[in-house]
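Notes for the one structure printed next.
There are 2 protein chains.
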Amino acid sequence: MKRFVLFFACLASFSLVAAQEVLNWKDNEIVSPIVNEDNSITISLFAPNAEKVELTGNFLYAGKDTPDKYADGDWHPQLMNKDANGRWTLTTPPLKPEFYSYNLIVDGVKITDPKNIYTVRDIGNRYSVVLVGGGVDGLYAVKNVPHGTVRKVWYDSPTAGLQRRMTVYTPAGYESNKRSYPVLYLLHGMGVDEEAWEELGRATQILDNLIAEGKAEPMVVVMPNGNISQEAAPGEGSKGLVVATTQYPKTMDGNFEKAFPDIIQFVEKTYRVKKDKANRAIAGLSMGGFHSLYIALNNPNSFNYIGLFSSAVNRMSKDGDTLSYIYKNVDEKFKTLCKKSPKLIWIGIGKDDFLSKDDDRLRAALDKESYKYSYLKTKGGHSWRNWREYLSTFVQKLFK
Amino acid sequence: MKRFVLFFACLASFSLVAAQEVLNWKDNEIVSPIVNEDNSITISLFAPNAEKVELTGNFLYAGKDTPDKYADGDWHPQLMNKDANGRWTLTTPPLKPEFYSYNLIVDGVKITDPKNIYTVRDIGNRYSVVLVGGGVDGLYAVKNVPHGTVRKVWYDSPTAGLQRRMTVYTPAGYESNKRSYPVLYLLHGMGVDEEAWEELGRATQILDNLIAEGKAEPMVVVMPNGNISQEAAPGEGSKGLVVATTQYPKTMDGNFEKAFPDIIQFVEKTYRVKKDKANRAIAGLSMGGFHSLYIALNNPNSFNYIGLFSSAVNRMSKDGDTLSYIYKNVDEKFKTLCKKSPKLIWIGIGKDDFLSKDDDRLRAALDKESYKYSYLKTKGGHSWRNWREYLSTFVQKLFK
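Protein chains in written order, with our numbering: chain A, 1 to 400; chain B, 401 to 800.
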């Protein structure tokens with residue numbers, strides 16, 4: 001055998017590489033996005049035939065305020081600049097460290113950046129993503145620290161009558177020691193699923209980094225699917241590569257909360273977790289905050305830490321014609337929960353959040369019971385930018 | 401609290417939903433792709449301002465053969481048809497069940513299908529994907545069967561001097577019983593990483609389905625990262641959201657094979673796996689076949705099953721100025737390996753594969769030792785379509 005012959009030739013022949021033939025050498029030269037030294041981003045697209053290319057993203061200057069004020073979630077499209085070679089570019093002003101999302105609009109067609117392999121799915125849309133700095137003091141970046149394990153695992157939910165999928169994070173060291181860990185149940189919002197906290201929320205990076213810095217206790221984090229009629233994230237269940245929708249059947253009608261004990265039972269049977277109130281936390285964003293609230297209200301002995309991020313308070317639908325028992329006698333349930341003195345009820349919301357009335361009602365209900373919750377009001381609205389920050393703050397307060 | 405008020409209004413207010421405002425109601429009406437009853441696919445794009453929209457994918461008719469013959473990996477772009485409303489469409493002829501990849505080319509800009517949330521990354525490119533039928537007799541679809549767990553886990557590689565990431569599949573039931581399982585080490589090709597067999601290879605679905613049907617033994621499948629200088633897949637390591645490249649430093653120079661015992665040691669310490677030759681298999685595609693071959697040649701007592709899919713045989717570079725001991729005395733190592741009579745050496749390759757000379761050399765080396773390997777020659781070339789099929793065939797032959 002000629003076993004010493006190099007075979008660089010194979011590189012050119014890989015069928016998928018061949019399939020990726022560049023359309024033009026000028027296209028091949030483009031790198032996008034580029035994070036510049038001053039934390040501005042340059043986005044580029046080679047599109048000599050396009051008449052108009054716009055950039056839309058949650059880092060764009062709103063245009064109506066001072067240059068250092070970026071609207072949260074401002075996706076107002078901005079025209080990119082075309083050069084003589086057919087390259088369109090736009091460089092933003094310097095940005096705050098953050099995990100940003102964007103799209104390009106090419107003659108009216110909204111696309112992800114073809115040169116950027118990093119995308120996230122949010123409900124039924126894909127966005128290109130770029131990490132500027134580390135985001136909230138570096139917590140969103142993968143660093144050279146011990147890493148936890150992320151599992152996609154299926155459990156049986158007899159209450160839902162389905163096999164269902166969840167994401168489970170175990171901290172670095174879980175595989176090599178015999179310790180039992182406290183556990184955080186971390187719930188997503190409407191239209192997304194058990195992928196969301198990991199993919200959009202950078203939960204893995206936040207936990208790895210905070211645990212490595214000694215700022216958060218090592219914990220197991222369970223991220224179930226909150227759409228009770230759904231087995232798993234789109235494409236991961238037996239219904240195939242379906243179109244994702246915002247709202248699934250049985251949304252916020254009591255059925256997810258009713259089936260929640262199936263999740264706790266599976267987790268406490270399967271993983272080395274501590275099984276008492278002192279070592280259980282529950283938190284969620286938007287619909288997940290709503291779920292967390294009602295699960296805690298209906299199980300007042302179960303959770304010592306409750307995190308409500310941009311939380312909904314009002315249910316969305318009835319279970320058939322009936323109001324679920326989950327949502328009955330709520331005032332009484334607030335009284336009972338507060339009497340049991342959970343160590344922390346932590347509330348976070350943006351000042352522009354459309355759920356601010358829900359926030360008022362939630363705090364009024366706790367005030368009525370003279371319960372001293374923690375409250376963080378931030379800039380911006382109903383966005384992952386806030387929820388990543390809330391998670392980063394909340395997990396540092398747990399199990400201490 | 402007005403807890404009985406429905407709040408459908410929130411749907412319209414979710415900031416990211418608002419960000420996803422449709423550009424036009426006609427765009428909002430489009431569903432793409434659609435798999436039709438006859439297994440043809442219809443791809444659609446709303447692009448009234450585009451002058452030319454083409455479709456490129458590995459399902460396109462080569463155009464030079466009979467209509468029932470599809471070239472493997474034929475990405476020859478085909479012009480789509482524009483209607484009066486600005487909608488471009490193309491319907492393929494009926495296709496064989498398969499997990500297909502495609503892109504659209506809009507006035508020269510190659511994009512993923514904006515209406516299709518399902519994409520895969522292959523090296524530095526993203527493709528839209530569509531599953532027609534189940535692929536190889538339904539094995540590529542998620543079915544209503546018991547599902548295994550997929551983990552992304554980090555291990556210490558003292559030989560590489562890095563923390564590194566691997567994907568580990570454990571079969572349904574692993575968490576709830578005390579059995580020990582046989583283990584398959586499954587290696588990827590050049591330019592991809594520990595995500596590839598799961599994302600492009602549908603390994604999770606293939607294993608879940610074959611185990612549920614009783615056609616494969618329940619087994620643990622370990623999918624490490626074969627780029628020894630790399631911690632993890634792009635974006636998952638501490639170097640950040642880097643640009644993916646085809647070839648990483650220390651590719652096929654002996655260093656991955658040398659560090660492979662770190663992987664076995666971690667797996668046998670961490671998971672309930674059987675630790676003898678009879679219960680170990682190793683397989684890989686292209687560079688991963690090369691790795692599998694040399695790991696087996698250098699560890700002739702370790703693996704009872706060896707799978708070489710479109711395998712390279714010749715190394716690519718030296719470890720510095722020196723030829724690694726891994727690649728020395730190869731004829732002798734073939735002799736030793738064959739004398740140890742591994743139960744199965746399984747070779748699969750496409751008739752159009754550019755590595756057919758490597759395949760000839762490999763079989764000649766085994767023939768010289770009168771070793772009776774299994775050999776499958778299929779249509780097509782160096783493609784995931786073949787590798788998914790080879791995996792589906794190979795795993796049915798293991799540990800029986």
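No residue lacks a Cβ here, since even glycine has one placed at the ideal position from N, Cα and C.
Treat the numbers as computed from the prediction; the structure is a model and nothing was measured.
Residue-chain proximity (residue i, chain B), Cβ-Cβ < 8 Å
i	result
Gly235(A)	yes
Leu149(A)	Looking at the sequence provided, one finds Thr at residue 149(A) rather than Leu. Taking Cβ atoms only, chain B reaches closer than 8 Å to Thr149(A), which makes this a yes.
Leu391(A)	no
Pro48(A)	yes
Asn144(A)	yes
Gly348(A)	no
Tyr118(A)	yes
Glu268(A)	no
Ile211(A)	no
Gln230(A)	no
Gly254(A)	no
Sheet register partners of residue i (DSSP bridge)
i	result
Met623(B)	Thr567(B)
Thr91(A)	Thr42(A)
Tyr775(B)	Ile747(B)
Ala283(A)	Leu186(A) and Gly307(A)
Gln478(B)	Leu455(B)
Asp319(A)	Thr322(A)
Leu60(A)	Answer by DSSP bridge pairing: none, since Leu60(A) is not bridged.
Ile505(B)	Glu454(B) and Lys510(B)
Phe99(A)	Leu131(A)
Leu525(B)	As written in the sequence, residue 525(B) is Asn, which differs from the Leu given in the question. The partner list for Asn525(B) (beta bridge, DSSP) reads Asp522(B).
Trp554(B)	Arg565(B)
Ile663(B)	Looking at the DSSP assignment, Ile663(B) forms no beta bridge with any residue, so it has no partner.
Thr149(A)	Thr170(A)
Tyr181(A)	Val273(A)
Residue-chain proximity (residue i, chain A), Cβ-Cβ < 8 Å
i	result
Leu584(B)	no
Gln665(B)	no
Gly640(B)	yes
Glu575(B)	yes
Asp662(B)	no
Tyr540(B)	no
Gly508(B)	yes
Ala678(B)	no
Trp554(B)	yes
Ile511(B)	yes
Leu708(B)	no
Val643(B)	yes
Leu445(B)	yes
Arg526(B)	yes
Leu460(B)	no
Arg602(B)	no
Asn699(B)	no
Leu495(B)	no
Supposed contact pair residue j and residue i - C-beta distance, whole angstroms, cut 8 Å
i	j	result
Val109(A)	Pro433(B)	Contact doesn't hold; Cβ gap of about 16 Å is too wide.
Asn625(B)	Arg564(B)	6 Å
Ile511(B)	Ile111(A)	4 Å
Val273(A)	Val221(A)	Not really, about 11 Å apart at Cβ, beyond 8 Å.
Ala244(A)	Ile517(B)	6 Å
Check whether residue i and residue j have beta carbons under 8 Å apart
i	j	result
Asp507(B)	Ala84(A)	no
Asn304(A)	Pro342(A)	yes
Leu539(B)	Asn609(B)	yes
Val520(B)	Tyr527(B)	yes
Ala283(A)	Ile306(A)	yes
Trp75(A)	Asn58(A)	yes
Pro700(B)	Lys658(B)	no
Thr570(B)	Tyr502(B)	no
Glu54(A)	Met80(A)	yes
Any non-hydrogen atom of the ligand ZN within 7 Å of residue i CB
i	result
Asn298(A)	What this structure holds is no ligand at all, so the ligand ZN is not there to describe.
- Query: On the three-pair Cβ rule with 8 Å, is the region 672-692 of chain B touching the region 633-646 of chain B?
  - Reply: no
- Query: Would you say the region 545-559 of chain B touches the region 138-157 of chain A, given that touching needs at least three Cβ pairs under 8 Å?
  - Reply: yes
- Message: Within 8 Å, do at least three Cβ pairs link the region 185-195 of chain A to the region 225-236 of chain A?
- Response: yes
- Query: Is the region 598-606 of chain B close to the region 775-789 of chain B, with three or more CB pairs under 8 Å?
  - Reply: yes
- Query: Given 8 Å as the limit, is there contact between the region 320-329 of chain A and the region 350-361 of chain A, that is, 3 or more CB pairs closer than that?
  - Reply: no
- Item | Stretch pair the region 580-588 of chain B + the region 170-183 of chain A: three plus CB contacts closer than 8 Å | no
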